[in-house]
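Inspection log for the structure reproduced underneath, given as structure tokens.
Chains as they are written, first to last, in the working numbering: chain F, 36 to 284; chain R, 2 to 439.
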């Protein structure tokens, strides 16, 4: 599904990723953990094609196609989704209209007709109930005045609607109380199946109790320094990253 | 002959056509004298520093319409809001079109100034209101006054509240290559009345039209007026809009200006607060491209205590377009407890567009709340990235963000029909079809 080889990238001449290797197969859930400033969010942005990050070396393959040169919207059309740590507010555009636009633009890019309204509504209702979102919420302006939990639920709602093949969740759990966390995690689990993959980026092991990863990778100073299974996340939670720093040097 | 001289010389011919015994003729003659002295404004005038009329007044224009070709309803229907039953005052090349209009004298006057000038029963009202709040030192206002002949006349009596908005439409056919129009509108909302007005200037084809329009608006005690200006003309049109508003106590007047088109537009918008507990609202969305130029020149004159004014102008500029905002708030010594707010936010879509924004506050009272702010920036890149990761292409993503930026101005548009119309104009202006009404 996703294969990253020796990826180096920089922002304004400052190197951030220094040789990331990562392979995610269909149906797998991977987690990336790491201290602040290690390059986790950068990796998420680079996978989605953020134009501020310059890839200086290495490659990103998605579904066996190199996507380094694709724009963010083209990657989205291919099936990449990024759940944002800080979703953007768009006054005057409702959640419903926004998601309709997103879905229909993706369909348009594939030469498909717009989704019929009845089908769209049905899908919206179905996915909204999955994330315990009520209908009032759908007619509010996108993210405007939303609480932290509402914003994250809305991100996962969008993910559920767009049915990506690869979902990258950037700190989807930060700032969530345990109830909101369970709803969000449950939404992710319900959407994941043998045909799609999830990359969870997090500070905290807590989320991984609900979204149980097949693999956990520790990123430090722009590199994957260790990979393991879910127990690695538990170990990090208990003893932190310092032992890895020593190991690494 | 310079056009300015032509304007002065043509006055004699103009006098052939009007009633010289009408008392307002003195106003005309005085105004012409002032214009002769003042001439057209130039860049030396502080308030015209960023907007030049030079290339416009170098040309020659005819001052009256020669065409008798009537305009068919189907040619202009699309410019009206679709509720066709509401009152309309329509002018074609400066001449009133009874055929396209729907006026009334039943319970209120929605008609034309020439009719009001010709009838005795309007004499006292005209004497009370005509030319009472027009600044003597503004040459374009003087020029308009000197050629006063035709325009909208609206009088809403005490306690009357017409349900639908009144539409005032100035159509320019282009039957003459270049024409100079000077509509003169007078609008009076008497005590406890309420009225909504939509005004639009529209060319039917590319030609050189300059409109030097003047509108006097009087809101008596506790009157409510919502005035909407739709400026979406062709790129060959110039509009100088002079709107002067006088408010009595407890009245509430709002003016929304939507500037999406035209070659050059200058809005001189002045509010005069003549009583206590007045609300004045000035809002605008400006979206320009391809060398268009819009200048918002506002004045709110707080002359009495306990009043509020609220100004909020949003501008989006691309492709060598230019925006000017010059907002002046005057607070007289007596006007304690004034609450005046002013904001002007702008987005430059590319490097070759320009905004000049200048707030001016002159405060002589010591117990007031006045705030102002202006910003010039670009679309938020992170926000753009967010939309693109949702599969929304760059152009549509920019349009959505632009709309979001300007959206709060639309919240106070009360007529749903009008709001929809403005939304679709914005979508069209931004060149997107998003599959839903913005």
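Don't be surprised by glycine CBs; every beta carbon is placed ideally from N, CA and C.
A residue is called buried once 16 or more other Cβ atoms fall within 10 Å of its Cβ, and residue 216 of chain R is buried on that count.
Around the beta carbon of residue 146 of chain R, 16 or more other beta carbons sit within 10 angstroms, so the residue counts as buried.
By the criterion of at least three beta-carbon pairs nearer than 8 Å, the region 162-180 of chain F is not in contact with the region 205-216 of chain F. Excluding residues up to 5 positions away in sequence, 350, 380, 385, 431 lie with their Cβ nearer than 8 Å to the Cβ of residue 399 of chain R in the same chain. Residue 366 of chain R is outside the set of residues whose beta carbon lies under 8 Å from a beta carbon in chain F. Residue 80 of chain R is bridged by DSSP to nothing; it lacks a bridge partner.
CA-CA distance, residue 219 of chain R to residue 244 of chain R, rounds to 11 Å. Secondary structure at residue 26 of chain R: helix, using DSSP grouped into helix, strand and coil. In the three-state reduction of the DSSP assignment, residue 36 of chain R falls in the helix class, which pools H, G and I. About 5 Å separates the CB atoms of residue 203 of chain F and residue 117 of chain F; that is less than 8 Å, so the two are in contact. When secondary structure is reduced to three states using DSSP, residue 112 of chain F falls in the helix class.
In terms of Cβ geometry, residue 37 of chain F and residue 232 of chain F form a close pair [threshold 8 Å].
Identification of chain F residues near residue 384 of chain R by a Cβ-Cβ cut-off of 9 Å yields 123, 124, 125, ordered along the chain. For residue 193 of chain F, the residues of chain R that pass the 9 Å Cβ criterion are 391, in the order they occur in the chain.
Separation of residue 85 of chain F and residue 107 of chain F (C-alpha to C-alpha, rounded to the nearest whole angstrom) is 7 Å.
Assigned with DSSP and collapsed to three states, residue 209 of chain R falls in strand. In the same chain as residue 300 of chain R, and ignoring 5 residues on each side of it, the C-beta atoms closer than 6 Å to its own belong to 271, 329, in chain order. For the 8 Å CB-CB criterion, residue 115 of chain F and residue 141 of chain F do not form a contact. For residue 46 of chain F, the enclosing beta strand (DSSP E) begins and ends at 37-46. Annotation: the continuous alpha helix (DSSP H) that includes residue 12 of chain R extends over 12-16. By the beta-carbon neighbour count (other beta carbons within 10 angstroms, threshold 16), residue 197 of chain R is buried.
With distances taken between CA atoms, residue 310 of chain R lies nearest to R:283 out of R:283, R:291, R:288.
One alpha carbon belongs to residue 18 of chain R, the other to residue 285 of chain R, and they sit about 38 Å apart. Ranking F:74, F:57, F:66, F:69 by CA distance to the CA of residue 46 of chain F puts F:74 first. For residue 74 of chain R, the closest of R:64, R:260, R:103 by C-alpha to C-alpha distance is R:103. With fewer than 16 other Cβ atoms from the protein chains shown falling within 10 Å of its own Cβ, residue 14 of chain R counts as exposed. Pairing residue 274 of chain R with residue 312 of chain R gives a Cβ-Cβ distance that is not under 8 Å. CA-CA distance, residue 115 of chain R to residue 123 of chain R, rounds to 11 Å.
Taken through DSSP and simplified to helix, strand or coil, residue 187 of chain R comes out as strand.
The DSSP-derived three-state label of residue 350 of chain R is coil. In the structure shown, residue 86 of chain R falls within a coil segment according to DSSP collapsed to helix, strand and coil.
Contact annotation: residue 243 of chain F and residue 111 of chain F have beta-carbon atoms that are not nearer than 8 Å. Taking a cut-off of 8 Å for Cβ pairs, the region 341-359 of chain R and the region 367-378 of chain R touch, as three or more such pairs fall below it.
By alpha-carbon distance to residue 348 of chain R, the top candidate from R:88, R:65, R:288 is R:288. The beta strand (DSSP E) runs lying completely inside the region 94-139 of chain F and spanning 3 residues or more are 115-118, 125-129, given in chain order.
The Cβ atoms of residue 163 of chain F and residue 192 of chain F sit closer than 8 Å to each other.
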